[in-house]
Each structure stands twice: as structure tokens, then as C-alpha cells.
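J.: Handing you a structure now.
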Ligand SMILES: Cc1ncc(COP(=O)(O)O)c(C=O)c1O
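Numbering (our numbering), first residue to last: 2 to 365.
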């Protein structure tokens with residue numbers, strides 16, 4: 002049963018001038034809105050204490066399970082303001098379903114889709130002035146998460162779980178924006194293994210990625226390109242927070258098949274839009290050897306990464322131990338740019354949403 006998230010407004014909201022200064026240059030993940038949504042789960046009561054209240058710190062006993070065993074999951078999606086002032090979510094039902102799958106994998110209780118959607122909508126309504134005007138690619142980034150909040154030591158599913166949603170005004174994730182990123186092929190670290198947690202959006206996956214990200218930066222790259230093993234004979238998986246796509250000279254849009262990667266909402270969106278651009282969507286395993294050879298011989302003309310935070314970001318170069326190659330002319334590709342514009346056009350209401358992907362949260 003989906004229930005209402007009762008709103009108790011904060012008595013200390015950010016003064017308008019301060020909020021305006023933040024919205025002028027919000028960055029990403031640095032400034033948070035005035036409220037948070039939350040709910041609590043226990044085996045006896047199920048989900049209860051649904052509310053939206055002032056954003057405030059948690060008080061956690063040092064034995065709280067999440068601090069020791071990382072029983073935690075999260076989601077990431079955005080609210081977009083359209084030119085007429087209305088505010089919309091983009092395919093939030095898919096985030097709700099992925100959240101439920103992540104919960105199952107991590108031994109956490111399933112949050113009903115209606116609660117997921119109601120909590121986000123209540124928070125966005127409470128913090129409406131924080132949704133940036135659509136001058137560039139600004140949006141309100143929304144972060145639902147759930148964690149083991151029971152105080153105990155011992156490896157078992159927690160019997161007290163907290164669900165929470167926070168939000169932050171956001172500029173594009175990469176400062177280089179649509180200009181392109183370079184990827185480092187790690188043969189030191191993998192992200193996931195069959196039977197592991199690769200398809201779940203759990204905090205531990207990201208904690209484990211930090212050493213690889215540091216390695217990438219040490220080699221002058223923006224992000225890691227993960228393989229499914231630690232030698233270059235393996236398959237290409239995804240990037241740190243983005244799914245990977247190749248465009249071929251035969252008019253295919255190829256992306257690694259699901260399994261150990263995250264099932265991205267943007268990934269699904271791009272696959273659905275592909276035919277509009279004369280591209281045939283193909284989901285299949287891609288070896289790194291194939292990627293490298295087909296970029297070199299020109300069969301792959303464009304490579305891009307896709308995710309909520311970064312939208313579509315061209316990949317302009319790939320580097321690994323002892324080699325480096327550029328994609329195409331190392332300039333962002335035309336088809337990538339066109340797909341990117343289409344996704345953003347739908348999200349910001351500049352083109353018709355013929356797929357029914359948008360969900361209205363606020364007026365006009
Ligand atoms: C590992 C990983 N892959 C892919 C994605 C892209 O998913 P989405 O398009 O749903 O943001 C993300 C971001 O959530 C991610 O963290």
C-alpha cells in the first residue's frame with residue numbers, strides 16, 4: 002500500500018538570497034535542499050514513520066550495522082524544470098524497480114514503488130524553489146537510499162532499516178560536459194563478478210571503485226573502463242557510473258549485455274531512441290580486443306557513456322598499461338551529440354515525449 006509522506010516544514014529554510022547564490026553555481030552534490038523524506042522499516046511494523054521533514058543529521062550508534070557490513074543501496078534520478086515552470090521526473094518507475102532489485106540482493110526490505118514515487122514527489126514539492134531554472138543543463142538531483150540502521154554486531158540482515166531521500170541542485174556532472182571524457186582500462190581492478198553485486202546499486206560497489214578511479218586519474222584519465230577480468234582478453238563492462246555504447250559504421254548501437262553491469266535508465270532510453278536515428282540497438286558481450294581493433298580499423302566510429310548524472314558523454318580516448326588510442330577524430334561524434342540532444346530535449350520538455358517517460362510533479 003502506498004502511503005502519504007506527511008510534510009512537516011523546516012522552521013529554518015535557506016534564505017532566498019543564499020539559495021539564489023547557490024543556484025547560480027550549484028556544482029554537483031555540494032549543496033542540499035531544506036528537507037528530506039524518510040521512512041522506517043521493522044519486521045513487525047513493516048514500513049512506517051513516512052514523513053518529509055527538515056534535512057538533519059542522523060544520530061547513529063557506533064555499532065549500527067551499515068557502518069560495518071555496508072548493507073546499503075541507493076538510487077540517482079533528476080527533477081527537471083520546463084520552460085513553463087512545471088517540474089517533471091524522468092522514468093522514475095524504473096529507478097523504483099531497480100531499487101527493489103538492489104534491496105533484494107542486499108537483504109534489505111522491498112520499498113513499494115508507490116512509496117518510492119510518493120516520497121520523491123513530496124520532497125520535490127516541499128523543496129520546489131530549489132529546482133533550477135532550465136537555463137543550461139541544471140536539474141535537481143535526487144538521491145533515495147536505504148540502510149541497515151539496527152545497532153548490533155553480527156552478519157545478518159538488519160531488523161531496523163531507514164529509507165531516506167535527499168536532493169541537491171546540480172550542474173552537469175563532468176565539467177567537460179559534452180566535450181568528452183577519457184577512460185582508463187584497469188587490469189588491476191574489476192568492478193563485479195558473476196553472482197556478485199554488479200547489477201545492484203549498493204554503496205559497497207562504489208567504495209570498491211575508488212582505488213581504480215585513483216589509478217585512472219594517476220594516468221590522466223577521467224574515468225575507469227571496467228573489464229570482466231584483469232587482462233585485456235576480457236569483456237568490456239561499464240564505466241564507474243555510466244554504461245558504455247559503441248556506434249558502428251554498419252549503423253549499430255552496441256552496448257554490453259546485462260548481467261554484472263548496472264541496468265541504467267539512460268541505457269534503456271538510448272536503446273529505445275536508437276531507431277529514430279537509423280541505428281539498430283544491439284545488446285551483446287563485447288571483448289576489449291574487439292573494441293580496440295574496431296576503433297583502430299574504423300568499424301567503431303563513436304563511443305559514448307550514458308548515465309543520469311552525465312547524460313550522454315562522448316568517450317574521446319582510451320588508455321591502458323602501455324597503449325592509448327583515440328576514438329574517431331578524438332572530437333565528440335555527431336550521432337552521440339544528436340542522441341544526447343534528443344534525451345535532453347525530452348527531459349526538459351523541448352520536444353514531445355512520445356514515449357510517456359515524463360511524470361509531472363508540479364504545475365502549471
Ligand atoms: C555503475 C553504473 N553504471 C551505470 C549507471 C547509469 O545508470 P542510470 O542511467 O540509471 O543513471 C550508473 C548510474 O547510476 C552507475 O552507477
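Cβ coordinates follow ideal geometry from the N, Cα and C atoms, glycine included.
Over the uninterrupted beta strand (DSSP E) stretch that includes residue 282, give me the two end residues.
T.: Counted from its first residue, the chain shown places residue 282 at position 281. Note, residue 282: beta strand (DSSP E), 281-284.
J.: Quick check on residue 154: buried or exposed, where buried means 16 or more other Cβ atoms within 10 Å of its Cβ?
T.: Sequence index remark: in the chain shown, residue 154 carries index 153 (1-based). The residue in question, residue 154, is exposed, as its Cβ has fewer than 16 Cβ neighbours within 10 Å.
J.: Should residue 189 and residue 231 be called a contact, given that it needs their Cβ atoms to be closer than 8 angstroms?
T.: Here the question's residue 189 lines up with position 188 in the chain shown. Here the question's residue 231 lines up with position 230 in the chain shown. Cβ atoms of residue 189 and residue 231: closer than 8 angstroms.
J.: If we ignore side chains and look at the alpha-carbon of each, how far apart do residue 275 and residue 44 end up?
T.: By one-based count along the chain shown, residue 275 stands at place 274. By one-based count along the chain shown, residue 44 stands at place 43. Answer to the nearest angstrom: the Cα atoms are 44 angstroms apart.
J.: Ligand 1 and residue 219: does the residue's C-beta get closer than 7 angstroms to at least one heavy atom of that ligand?
T.: If you number the chain shown from 1, residue 219 lands on position 218. Not so, every heavy atom of ligand 1 lies at least 7 angstroms from the Cβ.
J.: Between the C-alpha atoms of residue 8 and residue 36, what's the straight-line distance to the nearest angstrom?
T.: On the chain shown, position 7 is the one that residue 8 refers to. On the chain shown, position 35 is the one that residue 36 refers to. Whole-angstrom Cα-Cα distance: 9 angstroms.
J.: Is residue 98 near ligand 1, with its Cβ less than 7 angstroms from a heavy atom?
T.: In the chain shown, counting from the first residue as 1, residue 98 sits at position 97. No.
J.: Could you check if residue 243 belongs to the surroundings of ligand 1, using beta carbon to heavy atom distance under 7 angstroms?
T.: Here residue 243 is taken as the residue at index 242 of the chain shown, counted from 1. Yes, ligand 1 has a heavy atom inside 7 angstroms of this Cβ.
J.: State the Cα-Cα distance for the pair residue 160 and residue 128, rounded to the nearest angstrom.
T.: Position 159 of the chain shown, counted from the first residue, corresponds to residue 160. Position 127 of the chain shown, counted from the first residue, corresponds to residue 128. Distance between the alpha carbons of residue 160 and residue 128: 31 angstroms.
J.: So, at 7 angstroms on beta carbons, what are the nonlocal neighbours of residue 100 in its own chain, with the 5 sequence-adjacent residues on each side left out?
T.: Locating residue 100 in the chain shown gives position 99, where the first residue counts as 1. Taken in chain order, the residues that qualify are 74, 76, 112, 117, 145.
J.: Whose C-alpha, out of 295, 80, 261, 257, is nearest the C-alpha of residue 172?
T.: For the purposes of this step, residue 172 is taken as residue 171 along the chain shown, with counting starting at 1. The candidate whose alpha carbon is nearest that of residue 172 is 80.
J.: Which ranges would you report for the alpha helix (DSSP H) in the region 94-143 if only whole runs of at least 4 residues count?
T.: Segments of the alpha helix (DSSP H) lying fully in the region 94-143: 114-127.
J.: Residue range of the beta strand (DSSP E) that residue 304 falls in?
T.: On the chain shown, residue 304 is found 303 positions in, with the first residue counted as 1. Run containing residue 304: 301-308, per the beta strand (DSSP E) assignment.
J.: Whole alpha helix (DSSP H) runs in the region 164-194 with 4 or more residues, listed along the chain?
T.: As far as the region 164-194 is concerned, it has no whole alpha helix (DSSP H) run of at least 4 residues.
J.: Measure how close the beta-carbons of residue 164 and residue 40 come, nearest whole angstrom, since I'm counting them as under 8 angstroms.
T.: For the purposes of this step, residue 164 is taken as the residue at position 163 of the chain shown. For the purposes of this step, residue 40 is taken as the residue at position 39 of the chain shown. Their Cβ separation, rounded to whole angstroms, is 5 angstroms, which keeps residue 164 and residue 40 in contact under 8 angstroms.
J.: Relative to the C-alpha of residue 63, which candidate in 346, 186, 151 has its C-alpha closest?
T.: Along the chain shown, one-based indexing puts residue 63 at 62. Among 346, 186, 151, the Cα nearest to that of residue 63 belongs to 151.
J.: Could you compute how far the alpha carbon of residue 281 sits from the alpha carbon of residue 257?
T.: Along the chain shown, one-based indexing puts residue 281 at 280. Along the chain shown, one-based indexing puts residue 257 at 256. Approximately 14 angstroms, taken between the alpha carbons.
J.: Tell me which residues share the same chain as residue 279 and place their Cβ nearer than 8 angstroms to its Cβ, disregarding the 5 neighbours each side in the sequence.
T.: In the chain shown, residue 279 corresponds to position 278, counting from 1. The residues are 252.
J.: Going by DSSP in three states, residue 288 sits in which element: helix, strand or coil?
T.: Translated into positions along the chain shown, residue 288 becomes position 287. Note: residue 288 maps to strand in three-state DSSP.
J.: Out of 306, 262, 238, point me to the one whose CA is closest to residue 248's CA.
T.: Start at 1 with the first residue of the chain shown, and residue 248 comes out as number 247. Residue 248 has its Cα closest to that of 306, out of 306, 262, 238.
J.: In this structure, how does DSSP classify residue 69 when only helix, strand and coil are distinguished?
T.: Translated into positions along the chain shown, residue 69 becomes position 68. In the structure shown, residue 69 sits in a helix (DSSP, three-state: H, G or I).
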